[in-house]
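Some notes on the structure that comes next.
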Amino acid sequence: MKRKISLIALVIIICSGLIMIYNRYQNKIGENISISSNKSQGENFIIYDEVEQKNILKLKINLENKSVAEVTQEVLKDKGIDYTILGSGDTVYFSMINGIKERSNGPLSGWCYYVNGTRPSVSSGRYKLKSEDKVEWKYLKDGLKN
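Per the numbering used here, the very first residue in the sequence shown carries number 484; after that it's consecutive.
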């Protein structure tokens, strides 16, 4: 079991590093990527399954002075949506949301989060939000390309 946990932690660290390197060399840092075309309704927390092209959750909540992981856990608990996390604190990783598991649509599929249309290069447990931010979780078939 310890070996399995260590392997999972290593995979998470490697994936985070690859994402950061990819973003840096593709000059994507700071580039806005539109996740949702419906910005007029004022939702600032969205969970979307890109593989199935369907919204799981859209709502307006208070984000200020919380990490993305804290807000996400609060919302998922409040709405009764199942989830699985690995790690804790600054190293939180959401491996399953609403029954949709990482790698269930290929080896690179999984959950990625975006703030204001950009994918941060830090864990959701480390990213602190401001009141005007918009958080979007997307289930992607290839988390390294998007």
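For every residue, glycine included, the Cβ atom is placed at its ideal position computed from N, Cα and C.
Review point. Which class does L569 belong to by DSSP, given the choice of helix, strand or coil?
Key: strand
Review point. Quick one, which of N527, D625, G525 has its alpha-carbon nearest R586's?
Key: D625
Practice item. Within the same chain, show all residues whose beta-carbon is closer than 8 Å to that of D616, passing over the 5 residues directly before and after it, in chain order. Key: N527, L546, V598, N599
Review point. What's the call for Y505, buried or exposed, on a 16-neighbour Cβ count within 10 Å?
Key: Residue placement at Y505 cannot be trusted, given a pLDDT of 44 that sits under 50; what the coordinates show is reported in the next sentence. Exposed, since its Cβ has fewer than 16 Cβ neighbours within 10 Å.
Point to revise | Straight-line Cα distance separating L542 from K522 | key: In this predicted model, K522 has a pLDDT of only 43, less than 50, meaning its place in the structure is not dependable enough to derive any value.
Review point. Comparing alpha-carbon positions, which option in L540, N548, I544, D573 lies nearest D565?
Key: L540
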